[in-house]
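In our numbering, the protein residues as written are 408 to 766. By construction, the Cβ of each residue, glycine as well, lies at the ideal position given by its N, Cα and C atoms. Computed from a predicted structure; not experimentally measured.
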Amino acid sequence: MKCSLLPHFFILFNMTNVLNGQIVNKESPEETRGIETLAGAISETVEERFSNDEEGIARRDAHPKATGCARAEFRLNAKLPIEWQTPLFQPGKSYPAFIRYSNATGAVRPDEIPDARGMAVKLFDISGTTLINPDNRHHDFIFASDNKFFLNSLSEYFGFLGNRDEFLGNNPDILANIREATSFVLSSPLEKQYFSQVPYKLNDRVVKYSVKPCQAFGPGVVPENAGPDYLSNAMNRKLKTEEACFNFMVQFYVNDEVTPINNVMVAWNESEAPFIKVGQIIIPRQNTQSEKMLELCENVSYNPFHAIAEHEPIGAINRIRRVVYQSIASLRRSLNQVPDFVMTSSDLPEPVGPTCNID
Ligand code: HEM
């Protein structure tokens, strides 16, 4: 990555606010140029890693290692207050879904190494027009294991990609967030709460999302003789015999102090803004390590802007992701010679058993 390309002209304005009950989420021309420069720099990294990849795969710049993929079903509660309803959030409605769990670090490493972890959920066959790629009829929810993001802005992201030690030395709060985000032990991708970290619209409100296993789970342990892929093995073992389930929850904006929109480095206060369950994700019994599943896991791509306007991603970090995810996904698909691949619900591998009601 050539960080001499960094735009020092770049100035970040706080462009997302709730003003008189209206959500204002604007991008300045400087920000647009900065985001394009960042996408170019990340593309260079992806190409460089591709040229050195032992398996000849062009991988994601972030979250390259899948720790398991699974088909799932996303079900909304039978009762939803009218003001939370959207073309997507309809009472009792369910959607076929595909989940990809991942390790965040840019290199593929053994699962024992502490890391932030991801859970990306794609819903298929939705109605309503999505903000990008409307023909795909996908709605994506992307979560990570910490309840906050580690930095706040495009300029900080450039700093992070440059001389990292120097940058983190000058930004102890970012370093502390990275340490916190990687300081837990995971037994299985199915035994963790995950968070959207950054805000989204829900009609005229602002929310964050979270998913939490329906059943209680203990503190994580790395098994003895874990092996480099113990997370994907743990998930496959469980799903061979049992189904799994996550509650899908929303947390509503209260005010800038309790639930800041422009500071994603702090979690929203759960005592004043509790998570409220609005649905469930059921993961039926299945083989998560079939060849077909592994191939889908590599080729699928998520983007927070695979979303209808009622659920628009907002804030500076999401504005970056709109461009970066699109360009990296299309670059890696073209390097992997699947340039036109778009996953549909008919690609979902069959479950082993029926999907039950876990409630
Ligand atoms: C400036 C901010 C961010 C940048 C530049 C960034 C960059 C990226 C990139 C390039 C990818 C790979 C996309 C692809 O090739 O399909 C990715 C994937 C991912 N990101 Fe981010 N990201 C950012 C913020 C976040 C945040 C706030 C979250 C919190 C939920 C997050 C969670 C994930 C996850 C879970 C994946 C893996 C998706 C999958 O399984 O395919 N990222 N990110």
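Residue i classed as buried or exposed, judged by whether at least 16 other C-beta atoms fall within 10 angstroms
| i | result |
| --- | --- |
| G722 | buried |
| Q622 | exposed |
| A514 | exposed |
| P746 | exposed |
| N459 | exposed |
| L412 | Residue placement at L412 cannot be trusted, given a pLDDT of 42 that sits under 50; what the coordinates show is reported in the next sentence. Flag for L412 reads exposed. |
| R440 | exposed |
| Q497 | exposed |
| K409 | Residue placement at K409 cannot be trusted, given a pLDDT of 40 that sits under 50; what the coordinates show is reported in the next sentence. Label assigned to K409: exposed. |
| P720 | buried |
| L530 | buried |
| V528 | buried |
| L426 | exposed |
| Q744 | exposed |
Residue i, DSSP secondary structure in three states
| i | result |
| --- | --- |
| I430 | strand |
| S639 | helix |
| I449 | helix |
| I715 | strand |
| S363 | The shown model of the chain, from 408 to 766, leaves out residue 363, and the question about it has no answer. |
| V425 | strand |
| P720 | strand |
| R466 | coil |
| M750 | coil |
| M672 | coil |
| P436 | helix |
| A454 | The sequence as given places Glu at residue 454; Ala does not occur at that position. Helix, per DSSP. |
| E664 | coil |
| G441 | helix |
| L646 | helix |
| L755 | coil |
| E698 | helix |
beta-carbon residue i near the ligand HEM non-hydrogen atom, thresh 6 Å
| i | result |
| --- | --- |
| T754 | Before going further, note that residue 754 is Asp rather than Thr in the sequence given. The answer is no for D754. |
| I581 | no |
| H718 | no |
| V528 | no |
| Y732 | yes |
| Q604 | yes |
| H713 | no |
| G525 | yes |
| A588 | no |
| H470 | yes |
| R467 | yes |
| A448 | no |
| F550 | yes |
N- and C-terminal bounds of the beta strand (DSSP E) containing residue i
| i | result |
| --- | --- |
| V685 | 682–690 |
| A651 | 651–659 |
Enclosing alpha helix (DSSP H) for residue i [first to last residue]
| i | result |
| --- | --- |
| V707 | Counting along the chain, V707 falls outside any alpha helix (DSSP H), and DSSP gives it neither H nor E. |
| V731 | 723–742 |
Closer than 7 Å to chain C by CB, residue i
| i | result |
| --- | --- |
| E650 | The chain inventory of the structure shown lacks chain C, comprising one protein chain alone. |
Curious, which full-length alpha helix (DSSP H) runs of at least 4 residues does the stretch 548–612 contain?
561–568, 571–577, 579–588
What are the start and end residues of each continuous beta strand (DSSP E) run of 3 or more residues lying completely inside the stretch 471–549, in chain order?
472–483, 501–510, 524–530
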